[in-house]
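To start, the structure under review is shown below, and the notes come after it.
Residue numbers (my numbering): 1 to 269.
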């Protein structure tokens, strides 16, 4: 039976006309699926469905989403991230689910003589009467400049050199930081990307395992296509079990001049 599929020109160019036509005719396309964006069931026989192609260095995975959630598109990801996404689809990924303001797995950041780790918390913050999806980043210890022999914590200074701005009022929306983005693939948080040489991007932070975010966070991120990132020195925010407590900790950090932030586009779904 023909499917109600949307196949974008970019997806068609990747998979070829023959495969695209076969999908539209009902071959190789499931009737029912779990939306790669909102993770709820969909039915390509009853509702418009987007084809979403995740492309790595050596592997490509075709996924499906409600057309009302996201358009048909090609999403470039690293091979490691793509394999992680495949594990999450097949149920082999056992990463804990994040709800509200739960912390994400830590990722290493090189310093002069040790491996610091960044804790990332996903939460919603209210700004200008709208809920905004945010990442709150806090290292587990002081961050020294790479190659430095000093012990001074330069975490915020390093981020300001990368375009992040000090936060003085949590009710003001942070400015966009060109070249940075947040990678969400198949409904899970994979990485924060920063500008790299030649106009490409590199992972500034990458989850050890793709992190499942709350439904509310993902919904707001997909709606606004923008994620806010706040960063504070070690010991400033702490693990806050509720979003209202996280907001309070952010406001206290801002009042002390210990908070920087930026907005960045959402990459993927």
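Quick reminder that beta carbons are idealized off the backbone N, C-alpha and C, glycines included.
Helix, strand or coil at residue i [DSSP, three-state]
i           : result
residue 63  : strand
residue 246 : helix
residue 128 : coil
residue 43  : strand
residue 188 : strand
residue 16  : coil
residue 34  : strand
residue 253 : helix
residue 11  : helix
residue 173 : coil
residue 6   : strand
residue 111 : Confidence in residue 111 is poor, its pLDDT being 40 and thus under 50, which makes the residue's placement unreliable; the coordinate value appears in the next sentence. Three-state result, residue 111: coil.
residue 92  : Caution applies to residue 92, whose pLDDT of 42 falls short of 50 and renders its modelled position unreliable; the value that the coordinates give is listed next. Residue 92: coil per DSSP, three-state reduction.
residue 106 : In this prediction, residue 106 has a pLDDT of 40, which is less than 50 and means its spatial position is unreliable; what the coordinates show is noted afterwards. Residue 106 falls in the coil class under three-state DSSP.
residue 22  : helix
residue 101 : Because the pLDDT at residue 101 is just 49, under 50, the model does not fix this residue reliably, and the value given afterwards should be weighed accordingly. Residue 101: coil per DSSP, three-state reduction.
Extent of the continuous alpha helix (DSSP H) run through residue i
i           : result
residue 155 : 155–161
residue 217 : 215–224
Beta-ladder partner(s) of residue i, from DSSP
i           : result
residue 262 : 229
residue 54  : 61 and 75
residue 133 : 124
residue 267 : 183
residue 194 : 202
residue 139 : 118
residue 166 : 260
residue 68  : Per DSSP, none; premise fails for residue 68.
residue 49  : 5 and 66
Residue i - containing beta strand (DSSP E), residue span
i           : result
residue 204 : 201–212
Rounded Cβ spacing between residue i and residue j (contact assumed at less than 8 Å)
i           : j           : result
residue 211 : residue 203 : About 14 Å; that fails the 8 Å criterion.
residue 173 : residue 128 : 6 Å
residue 234 : residue 152 : No, residue 234 and residue 152 are not in contact; Cβ-Cβ is about 13 Å, not under 8 Å.
residue 254 : residue 240 : About 15 Å; that fails the 8 Å criterion.
residue 245 : residue 221 : Contact flag wrong, Cβ pair sits at about 21 Å.
residue 74  : residue 190 : That pair is no contact at about 16 Å.
residue 40  : residue 65  : No, residue 40 and residue 65 are not in contact; Cβ-Cβ is about 10 Å, not under 8 Å.
residue 3   : residue 47  : With a Cβ gap of about 10 Å, residue 3 and residue 47 do not count as contacting.
residue 140 : residue 117 : 5 Å
residue 72  : residue 17  : Going by Cβ atoms, the distance from residue 72 to residue 17 rounds to 15 Å, so no, they are not a contact pair.
residue 14  : residue 60  : 7 Å
residue 181 : residue 267 : 4 Å
residue 143 : residue 158 : 7 Å
residue 205 : residue 120 : 6 Å
Within-8 Å CB hit, residue i to chain D
i          : result
residue 43 : Absence of chain D from the displayed structure is noted, only one protein chain being present.
Answer yes if the stretch 169–181 comes into contact with the stretch 253–262, meaning at least three C-beta pairs across the two stretches below 8 Å, and no otherwise. Flag = yes, the stretch 253–262 and the stretch 169–181 touch.
Taking three-plus beta-carbon pairs below 8 Å as touching, is the stretch 45–65 in contact with the stretch 156–173? These segments do not touch.
Are the stretch 213–231 and the stretch 131–138 touching by the rule of at least three beta carbon pairs closer than 8 Å? Short answer: they touch.
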